[in-house]
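Per the UniProt record's numbering, the sequence shown runs over residues 1 to 716.
Structure record follows, encoded as structure tokens.
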Amino acid sequence: MTGKHELDHTKSVRGDSPQQLSTKKAYPRWLRIFIPLILVLVWFGVTGVGGPTFGKLEEVQSNDQSSFLPATAEATKALEAQEKFRTSKAIPAIIVFESESALSPADISSFMTELKDAGLVEGEPVGPIPSEDGKALQIVAPLNPAGETDEQVIEIREMAAESVPANTQAFVTGPAGFTTDLKGAFAGIDGLLLGVALLAVLVILLVVYRSVLLPFAVLFTSVAALCAAIVVVYWMAKWGWIRLDGQSQGILSILVIGAATDYSLLYVARFKEAIAHGKQRFDAALSAWKRSFEPIVASAGTVTVGLLCLLFSDLNSNKALGPIAASGIIFSVFASLTLLPAILALLGRKAFWPFFPKPLADGEDAQGLWLNIARFVRKHSRPVWIVTALVLAVGCLGITQLKAEGVPQSELVLTATDSAAGQKAIARHFDAGAGSPAFAIVGAASSSSIADKISEDDGVASVTLLAADGGPVRPGTDAHEVDGKNQLSITLKDVPDSLEAERTIVAIREAAHAIDPDALVGGTTATALDTQVTAQEDIVKIIPLVLGAILIILMLLLRSVVAPLVLILTTVLSYGAAMGVSAWVFNGLFNFPGADPAVPLFGFVFLVALGVDYNIFLMTRVREEALRVGTQDGITRGLAVTGGVITSAGVVLAATFAALGVIPIMFMVQLGFIVAFGVLLDTFVVRSFLVPALGHELGRILWWPSKLSRESKTGD
1 MTGKHELDHT KSVRGDSPQQ LSTKKAYPRW LRIFIPLILV LVWFGVTGVG
51 GPTFGKLEEV QSNDQSSFLP ATAEATKALE AQEKFRTSKA IPAIIVFESE
101 SALSPADISS FMTELKDAGL VEGEPVGPIP SEDGKALQIV APLNPAGETD
151 EQVIEIREMA AESVPANTQA FVTGPAGFTT DLKGAFAGID GLLLGVALLA
201 VLVILLVVYR SVLLPFAVLF TSVAALCAAI VVVYWMAKWG WIRLDGQSQG
251 ILSILVIGAA TDYSLLYVAR FKEAIAHGKQ RFDAALSAWK RSFEPIVASA
301 GTVTVGLLCL LFSDLNSNKA LGPIAASGII FSVFASLTLL PAILALLGRK
351 AFWPFFPKPL ADGEDAQGLW LNIARFVRKH SRPVWIVTAL VLAVGCLGIT
401 QLKAEGVPQS ELVLTATDSA AGQKAIARHF DAGAGSPAFA IVGAASSSSI
451 ADKISEDDGV ASVTLLAADG GPVRPGTDAH EVDGKNQLSI TLKDVPDSLE
501 AERTIVAIRE AAHAIDPDAL VGGTTATALD TQVTAQEDIV KIIPLVLGAI
551 LIILMLLLRS VVAPLVLILT TVLSYGAAMG VSAWVFNGLF NFPGADPAVP
601 LFGFVFLVAL GVDYNIFLMT RVREEALRVG TQDGITRGLA VTGGVITSAG
651 VVLAATFAAL GVIPIMFMVQ LGFIVAFGVL LDTFVVRSFL VPALGHELGR
701 ILWWPSKLSR ESKTGD
């Protein structure tokens, strides 16, 4: 009997099954080589085009916060109305000199002469304006629109440093300074970000596969997908279809590398199974493609749909991320289901060198650590799901500590910047809002009464009615009037990017609207306020859309109502725990002053979509097994077989998002931590314990109302 079994097993491993023989007849040897080779060459061409395009993305970026607001925002309307009053589009740079002792305009006369002669300023700079304590000077320099703002700011900083008096510091801040420093924080970071992510993935793949060739095949697949996505994103931005900023570009790189690697891991797992069960390389590649197609496409579909829900956002920055990231996911799927199968069809077993898959008979792939975990979960299903749910619920308590009310502009960049230091210097010696005054466009007939009313607010330092030259109205000059409107310049007492300043803007708007309903209040602080309000409205609107869209996809995929609801609820619970723990970490460990209002929304979209991703990998396999052996055995076998590959995928995705930490931007660091921690939580707790335990608790009801919920098998 033993000899016959061994003979039968050998045939099953090494012999040609009827299906393999028919495949060989359908695909001649030359075609088995030609098709994969053509696919590989096509993707090589894509990388050849996408690689150089990567360096051109900066040309089509826009990092101006005001451009992200919807046209309906008051700050946007105010900016449009102000354009009629402006004779120039110059961006102001605020130059501040601060000394330990008395400082007079004469001390910086050489700098002023050099500044005027350099051609960097449009018209005449305003100042030097001395502070009341006599230890600081402030100059407002409208930069020449013909030049590049960042280059002009850098040149002014160099000039100031060379001519600064003894015991005196010079800073360049204001809109031009902050824009330059924000751009500098992203400069050259793309290559570093991509390099860190790829290195992290390579190390993980080397550990997972213990192979020399396979990790590089997977990495090439991910890079090729990114190159294709970059080409599409570049042209979408160039044609004006989307607004691309540095944050979206960084997220695109990380998302594609992580997602493409995850899909590749799932495909490789099926390919390895086929090789271990005796299939030849082309047959194994085709078999793996057929068996991994549905879960990969379904998983990518949930992520894509979730991301495209961002199109309903009123913030242009959020709206743009939807198609940007969705294109990355789409090309991740294409590469994982075309390029990688082609490479493995050419390499066959050699891809796993030096540790080749051992021949396996049916059922032998469900063994080891994950089989023990699966059996433990089945044996103790009720305690397992209760304990894990309680642990996650405790994590959710931290959400109340999340301060997602916006971050001061001076705190956006985590490294020390000249603009932030300059803003603090202004606050020490001048009215804190002097560097970035607010403005109001009001009816000429009511401008004086509105100015008087606004001046009464405790948060307002001064209100100035502007003349045609942009300066204050003086004796002998009239207020600049356009279409029956005047412009007021409003200096706040608080730092422009503070919550106190935003509250003052709210009060100013209420006072102005009470007198003139058509009055418009704008400026840096107003833009930040409107961005925050719009982002909070987006959360209420987009989260239900994402949940509804993903729920429908899961129902169609699993042919069930109960299972999708379980997956959605557990994923949302996981998201809540991730956000809660992140809030504790941000406040207690990193001492962050707050978070961007978009952080909870982006965290939700990525964690829910990607969390459901892994549950799809698990549940499609569970359903496949349940059709053969019943729900209880199907859950056990599904978890045992997929545990290793899904865990590897989760670690890879967490590592890639953690790479966002190399970008010294608070938003990116926070998003990277939330997604990385959330993915690990979902991978090791939710998908490994909570979902299988609930599945065992529900039994066949899990598949209601499909036929599978009514069919009783031995494993039920």
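All C-beta atoms, glycine included, are put in the ideal place defined by N, C-alpha and C.
As the structure is a computational prediction, the values presented were derived from the model and not from experiment.
Close-in-space but distant-in-sequence residues of the same chain around L202 (CB under 7 Å, 5 per side omitted):
P215 and L219
Just to confirm the assignment, what range does the beta strand (DSSP E) spanning N486 have?
K485 to L492
Which of helix, strand or coil does DSSP assign to G147?
coil
For A598, which option in S313, Q280, T647 and D457 has the closest C-alpha, if you only look at C-alpha atoms?
S313
Tell me whether the beta-carbon of I254 lies closer than 9 Å to the beta-carbon of T647.
no
Is the beta carbon of I139 less than 9 Å from the beta carbon of M112?
yes
Residue range of the alpha helix (DSSP H) that includes E502:
L499 to I515
Is V679 closer than 9 Å to L610 when the C-beta atoms are compared?
yes
Suppose you measure from the CA of S131 to the CA of S101; what does that come to, to the nearest Å?
12 Å
Residue(s) in a DSSP beta bridge with S462
T491
Start and end of the beta strand (DSSP E) containing A170?
T168 to T173
Take K319 and list the residues in its own chain whose beta-carbon comes closer than 7 Å to its own, dropping the five residues that flank it on each side.
L310, L311 and S313
Less than 9 Å separating the beta-carbons of V232 and S336?
no
Quick one: give me the first and last residue of the alpha helix (DSSP H) that E537 is part of.
T524 to L558
Looking at the structure shown, is S317 part of a helix, part of a strand, or coil, going by DSSP?
helix
Could you give the C-beta distance for A526 and I505, rounded to a whole number, given that I count them as a contact under 8 Å?
5 Å
Could you tell me the distance, in whole angstroms, from the CA atom of G400 to the CA atom of L41?
Position check: residue 400 holds Thr in this sequence, whereas Gly was assumed. Cα-Cα distance, rounded: 53 Å.
Reference P52, options S560, Y234 and G184, closest by Cα:
Y234
With 16 other CB atoms within 10 Å as the buried threshold, where does L369 fall?
exposed
Simplified DSSP state of Q138, which is helix, strand or coil:
strand
Is DSSP giving E481 helix, strand or coil here?
coil
Report yes if the CB atom of A445 is closer than 9 Å to the CB atom of L488, and no otherwise.
no
So, helix, strand or coil for residue 717, using DSSP?
Only positions 1 to 716 of the chain appear in the structure, and residue 717 is not among them; the question remains open.
At the level of alpha carbons, what is the spacing between I251 and R623?
33 Å
Tell me whether W703 is buried or exposed, calling it buried when 16 or more other Cβ atoms sit within 10 Å of its Cβ.
buried
Whose CA, out of V442, I450 and A461, lies closest to the CA of A432?
A461
Do the region 420–429 and the region 162–172 make contact, defined as three or more Cβ pairs closer than 8 Å?
yes
Report back the beta-carbon spacing between M579 and G603 to the nearest angstrom; my notes put them in contact at under 8 Å.
6 Å
Does E98 come out as helix, strand or coil in the three-state DSSP assignment?
strand
S264 versus I275: straight-line alpha-carbon distance, rounded
16 Å
According to DSSP, is S22 part of a helix, a strand, or is it coil?
With a pLDDT of only 44 at S22, under 50, the local geometry of the prediction cannot be trusted, and no value is derived from it.
Spatially closest choice to D245 from H277, P142, L57 and E80, by CA coordinates:
L57
In chain order, what residues of the same chain lie with their CB nearer than 6 Å to the CB of I91, ignoring the 5 residues before and after it?
L143, T149, P175 and A176
Is the separation between the beta-carbon of A237 and that of Q409 shorter than 9 Å?
no
Within 10 angstroms of the Cβ of F355, are there 16 or more other Cβ atoms? Answer buried if so, exposed if not.
exposed
Is the Cβ-Cβ distance between A71 and G522 less than 9 Å?
no
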